[in-house]
Amino acid sequence: MSSFLTKLGIGKDKNKDKIGNESTKTGTIKVKSSGTSGSSHHHSHSSHNSKLFSSSERKKNSLKELKEIPISPIPNSAGSTPTKKEVSNTKTTSSGLSSTKATETPLKTTVTASKAPKDVEVIKEEREEVKETQKDKRISTINSTPSVPPSKIEKKKFKLDDFVIMQTLGTGSFGRVHLVKHKETGKFYAMKVLVKRQIIESKQVEHTINEKKILETLDHPYMVNLIGSFKDNRNLYIVLEYVCGGELFSYLRQCKRLPNHVARFYAAEVVLAFEHLHSKDIIYRDLKPENLLIDKNGNIKITDFGFAKYVPDVTWTLCGTPDYLAPEIIQSKGYGKAVDWYALGVLIYEMLAGFPPFYDEDQMRLYERILEGRLRWPSYFDPAAKDLIKRLLSPDLTKRYGNLKSGSADIKKHKWFSEIDWKKLAEVKVKAPYIPPFTSEGDASNFDSYPEDHDPYGLPGPDLYAEEFKNF
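Heads up: the sequence shown is residues 1 to 472, going by full-length UniProt numbering.
Rendered as structure tokens:
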């Protein structure tokens with residue numbers, strides 16, 4: 001990572017906490033809610049802050065079990081509390097593997113603002129003390145009615161014997177993610193192996209199948225794309241692009257915050273990826289540095305599509321990462337694609353500041369801060385970036401950029417992006433500000449090491465769950 005700091009002209013600040021001392025490389029891989037993260041591969045299955053996100057916090061190393069606590073309803077101004085229905089408990093791993101026990105919790109649309117948000121410096125100090133499990137909290141629910149987009153893109157057909165399993169890149173509740181080498185072509189991929197029995201026990205069958213179907217409709221240079229899938233009597237196998245550079249989060253943690261031009265480059269690539277998703281009526285719903293991988297050329301790849309959903313109109317499911325939830329999600333209002341643009345505003349702020357715009361160790365208080373919407377700006381913020389963030393974080397959907405008549409064009413034409421050549425960027429012809437170090441296509445040095453203690457794959461035996469996974 002030191003090369004990343006040097007490349008960007010960022011030296012270590014002796015007066016600041018040394019983020020690099022955590023030593024853990026945040027790998028990638030996430031197999032999320034479906035028990036698998038859907039998009040990424042290695043890391044977050046990819047799957048994959050400044051001071052505040054340095055220690056043991058939101059290191060969503062996509063390869064660790066992320067614990068989630070039940071969501072308590074936010075009381076309304078009269079002091080009453082909505083009736084709780086089911087509350088979801090989602091476990092996610094740094095590998096992107098996660099299991100989700102879905103349920104929904106209605107949140108009251110009105111929140112009483114108790115006190116003004118604390119000063120930015122105070123927030124930064126508090127965040128350093130936050131527990132890793134608190135940072136990695138996830139909220140998730142399963143949709144009662146499956147909704148899957150059309151236009152399936154034909155993927156390759158594989159079988160287990162087509163690959164040589166190299167090493168584990170991440171582990172999760174339903175299995176693990178491996179770096180694999182295709183015997184015939186010599187190409188490297190990230191392969192998620194999900195145990196059928198564990199998916200059944202967690203009641204994540206429908207979610208797992210829907211996630212795979214969404215991946216089958218995607219093909220974009222700034223997303224981790226599905227290569228193929230297959231199954232046997234015991235497991236499901238999802239083969240994804242292998243992205244060797246690791247998570248953006250790990251780089252952000254090292255340099256505390258990104259230079260303006262670097263944050264702008266990554267944000268612009270996210271804009272193009274979101275345009276593609278939204279053109280297919282798919283909402284991503286899980287943007288954050290942990291879910292952005294950096295490929296060998298320095299471009300980002302969005303990973304982990306465990307919360308992605310086909311939404312031609314509106315949805316009411318409560319899911320996402322607390323720091324990145326849009327007000328309308330918290331208020332249990334029907335929401336649409338605008339929540340992704342809100343999350344982009346949070347991401348830009350976090351890349352430039354090193355921490356999200358709203359934070360509190362108490363989840364309910366965090367939601368209140370988000371609904372209050374009072375932003376504090378570090379003095380070093382670029383004025384143009386500040387203006388764009390304000391427009392993206394607008395709680396008023398009639399004013400939020402990305403949700404207006406011109407759609408994403410308003411964002412792309414904003415002065416903060418004035419130096420971006422959108423045509424060249426769409427053609428992947430813009431030189432990235434940083435190229436991650438790697439020795440070969442199959443280099444996994446940017447990911448953590450894991451014991452190879454999994455059960456053997458491909459063993460003979462009856463397929464006890466053939467009916468449940470007939471559509472996989």
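All C-beta atoms in this analysis are idealised placements derived from N, C-alpha and C, irrespective of residue type, glycine included.
Checking the DSSP bridge columns, you'll see G170 partnered with V177. Within the model, the alpha-carbon separation for R391 versus K399 is close to 7 Å. Residue state for K196 is assigned as helix, using DSSP reduced to three classes. Comparing alpha carbon positions, the residue from E328, G172, Y349 and K337 closest to R376 is Y349. Take L388, set aside five residues on each side of it, and the residues of its chain with a beta-carbon closer than 6 Å to its own are H414 and W416, in chain order.
Per DSSP, the continuous alpha helix (DSSP H) segment holding N260 begins and ends at N260 to S279.
When Cβ pairs closer than 8 Å are counted between the two stretches, the segment 260-279 is seen not to touch the segment 359-371, the count staying below three.
Bounds of any alpha helix (DSSP H) do not take in S229; it lies within the beta strand (DSSP E) bounded by L226 to K231. Residues of the same chain with a CB within less than 6 Å of the CB of G345, apart from the 5 flanking positions on each side, are I389, L392 and L393 in chain order. Within the same chain, and ignoring the five residues on either side of G442 in sequence, the residues whose Cβ sits closer than 7 Å to its Cβ are M166, L179, K181 and F188. Around the Cβ of L293, a 10 Å sphere holds 16 or more other Cβ atoms; the residue is buried.
By the Cβ rule, the segment 454-470 counts as touching the segment 227-241, because three or more pairs are nearer than 8 Å. Looking at the backbone, the Cα of L318 and that of P451 are separated by about 35 Å. A distance below 6 Å between beta-carbons, with the five flanking residues on each side excluded, links W422 to the following residues of its chain, in chain order: K412. Residue T168 holds the alpha-carbon nearest to the alpha-carbon of S445 among T168, V164 and Q254.
Note on L459: under 16 other CB atoms within 10 angstroms of its CB, so exposed under the neighbour-count rule.
With distances taken between CA atoms, V430 lies nearest to P221 out of K203, A384 and P221.
The three-state reading of DSSP puts T208 in helix, counting H, G and I together.
Per DSSP, K301 is one residue of the beta strand (DSSP E) stretching across I300 to I302.
Judged by DSSP secondary structure, V239 falls within the beta strand (DSSP E) whose first and last residues are N235 to E241. The three-state secondary structure of I165, taken from DSSP, is strand.
Collapsing the DSSP output to three states places L293 in a strand.
Here N297 is exposed. Its C-beta has fewer than 16 other C-beta atoms within 10 Å.
K213 and K152 have their alpha carbons spaced roughly 8 Å apart. The DSSP assignment places complete alpha helix (DSSP H) segments of no fewer than 4 residues inside the segment 380-419 at 383-392 and 409-412, in order along the chain. Looking only at E427, P289, G334 and V243, the smallest Cα-Cα distance to Q254 is reached by P289.
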